[in-house]
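With mature numbering (1 follows the signal peptide of the UniProt record, and there is no 0) as the guide, the letters of the sequence shown map in order to residues -21 to -1, 1 to 187.
Notes to accompany the following structure.
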Amino acid sequence: MRRNRRLLPLALLLAITSAGSTPPELRDVLARLPPKAHAQLQRQTQQWASWSPQQRADYSRRAAQWDALPRSERDAIRERYQAWRALPAQDQVRIQAAATQLATMPAEQQRAWRAQFDALDRSERRGWLLGPALGGDYAMLQPLLAQVPEQEHAALMQALRTMTPQQRKDLGVLAQRTPPTRREALRRGLLAAGADGRGDWLWQQMQH
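Written as structure tokens, this is what we have:
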């Protein structure tokens, strides 16, 4: 939301541009924007123009509330949101169902479950951001997931989510017993094996 708020003045400038009244220096700035950023500004301009005065006031109020949050809390919210967007649809459905079930429980039980979750190690709590399947396996897979290059992250998550629980368990054993200097090779070997060859690859690695 904060990023959108910073872009809002430019979006309004873009609206002025379309009316033909933007100063030349501002037109030059807008013309140098990457196509993706330019398209985003156009969408924001159209959205802002479609809002009522009350909607604009509500947006400004929410933006002010967001900016008033501590930086650590904003970062945590962003992390959870990005993790949610990265989850497969079936995991999102499972989580929504669990949240609905939790909301129907007595308040005392909800507090007890929250306390139990808060008592977990921070790393383990963050592991649950990977969803209901990988969250339970995160502790044993953590050595393999540490310091994954950004360009390999999506492929690794896809591989882990398509593995069976037993395959992830075997991979966790391998990750725990592999020295840190060899974990990158283990991870790349997993990805190179592909979905069809992953079972044989794991079996071979477990024999070493």
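The C-beta atom is built at its ideal place from N, Cα and C for all residues, glycine as well.
None of the values given here were measured: they were computed from a predicted structure.
Taking only three categories from DSSP, how would you classify residue i?
i, result
"residue 30", "coil"
"residue 149", "helix"
"residue 93", "helix"
"residue 123", "helix"
"residue 17", "helix"
"residue 47", "helix"
"residue 98", "coil"
"residue 136", "helix"
"residue 158", "coil"
"residue 114", "helix"
"residue 40", "helix"
"residue 85", "coil"
"residue 189", "Residue 189 cannot be examined here, being either before or after the span of the chain that is shown, -21 to 187."
"residue 22", "helix"
Under 7 angstroms from any heavy atom of the ligand ZN, does the C-beta of residue i make it?
i, result
"residue 135", "This structure lacks the ligand ZN; in fact it carries no ligand of any kind."
According to the Cβ coordinates, are residue i and residue j closer than 8 angstroms?
i, j, result
"residue 119", "residue 155", "yes"
"residue 117", "residue 109", "yes"
"residue 135", "residue 81", "no"
"residue 146", "residue 177", "yes"
"residue 112", "residue 70", "yes"
"residue 102", "residue 121", "yes"
"residue 172", "residue 180", "yes"
- Message: Check whether the region 94 to 108 and the region 133 to 149 touch, using three or more Cβ-Cβ pairs below 8 angstroms as the test.
- Response: Cβ pair count under 8 angstroms is below three, so no.
- Query: Does the region 42 to 59 come close enough to the region 75 to 90 that 3 or more CB-CB pairs lie under 8 angstroms?
  - Reply: Between the region 75 to 90 and the region 42 to 59, the count of C-beta pairs closer than 8 angstroms stays below three; the two stretches do not touch.
- Spell out a yes or no on whether the region 173 to 185 and the region 143 to 162 are touching, meaning 3 or more CB-CB pairs, one atom from each, closer than 8 angstroms. Yes, the region 173 to 185 touches the region 143 to 162.
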